[in-house]
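Novice: In this note's numbering, the protein residues as written are -11 to 375.
Cβ coordinates follow ideal geometry from the N, Cα and C atoms, glycine included.
Just so we're clear, the structure is a prediction, and the values are computed from it rather than from any experiment.
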Ligand code: GLN
């Protein structure tokens, strides 16, 4: 249909998110889809049964704006058990429509036109569009290739009187790197005495390997007092399509968050919240996730030994980075597209997570897949690029 409106695009240069682009291309080409991050296996049947039961019991109307009290209580209990900080169920936790909405809402609640937000490249793709939508400016610090560790001296130099927020993400997508307790100390030193809000994206909080422990900002008293911490049930319970997550933080910050949240989504699907509140009661479900994914990581890395790809370390998340510069001269976007079409394996090019398109000839594989999917993908890769 034609429109008579001349559109002065608010975002003339914005394309479609790489996750949609690559999953669509994978489907078109019949490729093994190791691009977008989602499991290709089912969640636990009891979660579905619980949701169905709540629907049939008539729990289908609006929940409270901040989320069902049962779910908020379960979240508060989990956070207290893991990180030692007990947030207030009424005023310090809010259920969101996934982490994406939580992040967008937090940014909209705190960042004003002209404000600066410091974040780390490679940067998850939803942060900068949210900042720019509300008139803020993204200021980039670098995680240092190839171990993707933060350079806190650089961060210190980037802080100005206009810095409103710093966004951190650990375990980190796409690199699989982790922030440590020492990193949190450095961050605390930098923000001490300022009014900078920290937004901490911890959606992979339960997926850390080799016995590493998650350094949640919830567990750092000084940082917790100025942070909004985001998590997502999509990652933890294999239900990315349910789009449910949450934020926790001090009451004064969550009050500001809710001012936007109430007019953004107002609230989130009732029966899912009730089902999750029940499901969370068994802590082994989130505590067992690290071992579950470590087996997949190790299996995938072993299989990849049959190929010429050079694997980078993976300390958390369900993503594995690999260098391919010695195998092909193609820039990573071209390489990812070619790999999908010609080899039949879809991946994510890492340059999309850099504002200037920096290309280290690295691609990201998602290993949240059943063994047969990983085997099918690696078999194709090994044929194209044998070890
Ligand atoms: N976070 C997922 C990834 O990194 C994708 C989420 C999405 O598709 N928006 O692949």
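1. Give the list of continuous alpha helix (DSSP H) stretches no shorter than 4 residues that lie fully inside the stretch 284 to 345.
2. According to the neighbour-count rule (16 or more other Cβ atoms, all chains shown, within 10 Å of its Cβ), is residue 55 buried or exposed?
3. Alpha carbon to alpha carbon, how far is residue 51 from residue 263? Give it in angstroms, no decimals.
4. For residue 199, count neighbouring Cβ atoms within 10 angstroms of its own Cβ and tell me buried if that reaches 16, exposed if not.
5. What ranges does the alpha helix (DSSP H) occupy inside the stretch 23 to 94, keeping only unbroken runs of at least 4 residues that lie completely in it?
6. What would DSSP say about residue 10, mapped onto helix, strand or coil?
7. I need the boundaries of the alpha helix (DSSP H) containing residue 115, first residue and last residue.
8. Pull up the CB-CB distance for residue 162 and residue 110, whole angstroms please, since I reckon it's below 8 Å.
9. Measure the CB-CB distance between residue 188 and residue 217 and report whether it falls below 8 Å.
10. Following the continuous alpha helix (DSSP H) through residue 242, name the residue where it begins and the one where it ends.
11. First and last residue of the alpha helix (DSSP H) that includes residue 179?
12. Give the range of the alpha helix (DSSP H) segment to which residue 366 is assigned.
13. Opposite residue 125 in the DSSP bridges: which residues?
14. Please state whether the Cβ-Cβ distance between residue 155 and residue 211 is less than 8 Å.
15. Using C-beta distances below 7 Å, list every residue in its chain close to residue 193, excluding the 5 sequence neighbours before and after it, in chain order.
16. Residue 139 and residue 165 - do their beta-carbons sit closer together than 8 Å?
17. Report the three-state DSSP secondary structure of residue 112 (helix, strand or coil).
18. Does at least one heavy atom of ligand 1 sit under 7 Å from the Cβ of residue 161?
19. Run the CB neighbour count on residue 376, radius 10 Å, all protein chains shown included, and call it buried at 16 or more, exposed below.
20. In the DSSP assignment, what are the bridge partners of residue 234?
21. I need the DSSP call for residue -2, collapsed to helix, strand or coil.
22. Between residue 64 and residue 191, what straight-line distance do the alpha-carbon atoms span, to the nearest angstrom?
23. What whole-angstrom Cβ distance do residue 339 and residue 322 have, given they're in contact under 8 Å?
24. Using only alpha-carbon positions, find the residue among 310, -11, 115 that is nearest to residue 354.
25. In the DSSP output, what is residue 354 paired with across the bridge?
26. Which first and last residues belong to the alpha helix (DSSP H) in which residue 188 is found?
27. Return the CA-CA distance between residue -7 and residue 0, expressed in angstroms with no decimal places.
28. Quick one, which of 371, 306, -3 has its alpha-carbon nearest residue 357's?
29. Taking residue 99 as part of the beta strand (DSSP E), name the residues at either end of that continuous run.
30. Going by the C-beta, is residue 7 closer than 7 Å to any heavy atom of ligand 1?
31. Is residue 24 near ligand 1 - that is, is its Cβ less than 7 Å away from at least one heavy atom of it?
32. Taking residue 334 as the reference, give the member of 173, 228, 21 with the closest Cα.
33. Tell me whether residue 273 sits in a helix, a strand or coil according to DSSP, three-state version.
34. May I have the straight-line CA-CA distance separating residue 346 from residue 293, to the nearest angstrom?
35. To the nearest angstrom, report how far apart residue 283 and residue 183 are at their CA atoms.
Specialist: Let's see:
1. 320 to 326
2. Position 67 of the chain shown, counted from the start, is the residue given in the question as residue 55. With 16 or more Cβ atoms within 10 Å of its Cβ, residue 55 is classed as buried.
3. Here the question's residue 263 lines up with position 275 in the chain shown. Here the question's residue 51 lines up with position 63 in the chain shown. If I take the Cα positions, the gap works out to 13 Å.
4. Working through the chain shown from its first residue, we reach residue 199 at position 211. By the neighbour-count rule (16 or more Cβ atoms within 10 Å), residue 199 is not buried but exposed.
5. 33 to 44, 57 to 71
6. The residue labelled residue 10 in the question sits at position 22 within the chain shown. Note: residue 10 maps to helix in three-state DSSP.
7. For the purposes of this step, residue 115 is identified with residue 127 of the chain shown, where counting begins at 1. That run of the alpha helix (DSSP H) goes 115 to 121.
8. Position 174 of the chain shown holds residue 162. Position 122 of the chain shown holds residue 110. So it is a contact: roughly 6 Å between Cβ atoms.
9. In the chain shown, the residue the question calls residue 188 occupies position 200. In the chain shown, the residue the question calls residue 217 occupies position 229. Yes; because the gap between Cβ atoms is below 8 Å, this pair is in contact.
10. Mapped onto the chain shown, residue 242 falls at position 254. Where residue 242 is concerned, the enclosing alpha helix (DSSP H) stretches over 239 to 252.
11. Working through the chain shown from its first residue, we reach residue 179 at position 191. Looking at the DSSP string, the run of the alpha helix (DSSP H) that includes residue 179 is 169 to 179.
12. Taking the chain shown and counting its residues from 1, one reaches residue 366 at position 378. Per DSSP, residue 366 belongs to the alpha helix (DSSP H) from 359 to 372.
13. Mapped onto the chain shown, residue 125 falls at position 137. For residue 125, which the question treats as bridged, DSSP gives the partners 104.
14. Counting from 1 along the chain shown, the entry for residue 155 is found at position 167. Counting from 1 along the chain shown, the entry for residue 211 is found at position 223. For residue 155 and residue 211, no; Cβs fall outside 8 Å.
15. As a position in the chain shown, residue 193 is number 205, starting the count at 1. Cβ neighbours of residue 193 beyond the five flanking positions: 202, 204, 219.
16. Taking the first residue of the chain shown as 1, we reach residue 165 at position 177. Taking the first residue of the chain shown as 1, we reach residue 139 at position 151. Their beta carbons are not under 8 Å apart, which means residue 165 does not touch residue 139 by this criterion.
17. Start at 1 with the first residue of the chain shown, and residue 112 comes out as number 124. Coil.
18. By 1-based counting over the chain shown, the position of residue 161 is 173. The answer is yes for residue 161.
19. Residue 376 falls outside the range modelled here, since the chain spans only -11 to 375, and no answer is possible.
20. As a position in the chain shown, residue 234 is number 246, starting the count at 1. According to DSSP, residue 234 bridges with 83, 219.
21. Within the chain shown, numbered from 1, the residue matching residue -2 stands at position 10. Correct three-state label for residue -2: coil.
22. Along the chain shown, read from residue 1 onward, the residue named residue 64 stands at position 76. Along the chain shown, read from residue 1 onward, the residue named residue 191 stands at position 203. Each residue's Cα considered, the two are about 16 Å apart.
23. The residue given as residue 339 occupies position 351 in the chain shown. The residue given as residue 322 occupies position 334 in the chain shown. So it is not a contact: roughly 10 Å between Cβ atoms.
24. For this step, residue 354 is matched to residue 366 along the chain shown. Nearest C-alpha to residue 354: 310.
25. Reading the chain shown from its first residue, position 366 is the one you call residue 354. According to DSSP, which records beta bridges pairwise, residue 354 is partnered with 307.
26. As a first step, residue 188 is located in the chain shown; it is residue number 200 there, counting from the start. From DSSP, residue 188 is part of no alpha helix (DSSP H) but of the beta strand (DSSP E) over 185 to 189.
27. To locate residue -7, count along the chain shown from 1; it is residue 5. To locate residue 0, count along the chain shown from 1; it is residue 12. Cα to Cα, the separation comes out at about 16 Å.
28. Residue 357 sits at position 369 when you count from the first residue of the chain shown. It is 306 whose Cα lies nearest to the Cα of residue 357.
29. Residue mapping note: residue 99 aligns to position 111 of the chain shown, counting from 1. That residue, residue 99, is in no beta strand (DSSP E); it is neither H nor E in DSSP.
30. Numbered from 1 along the chain shown, position 19 holds the residue referred to as residue 7. True, at least one ligand heavy atom lies under 7 Å from that Cβ.
31. As a first step, residue 24 is located in the chain shown; it is residue number 36 there, counting from the start. Yes, the beta carbon of residue 24 sits closer than 7 Å to at least one heavy atom of ligand 1.
32. On the chain shown, residue 334 is found 346 positions in, with the first residue counted as 1. The candidate whose alpha carbon is nearest that of residue 334 is 21.
33. Position 285 of the chain shown, counted from the start, is the residue given in the question as residue 273. Here residue 273 sits in helix by DSSP.
34. As a working note, residue 346 is residue 358 in the chain shown. As a working note, residue 293 is residue 305 in the chain shown. If I take the Cα positions, the gap works out to 27 Å.
35. To locate residue 283, count along the chain shown from 1; it is residue 295. To locate residue 183, count along the chain shown from 1; it is residue 195. Answer to the nearest angstrom: the Cα atoms are 42 Å apart.
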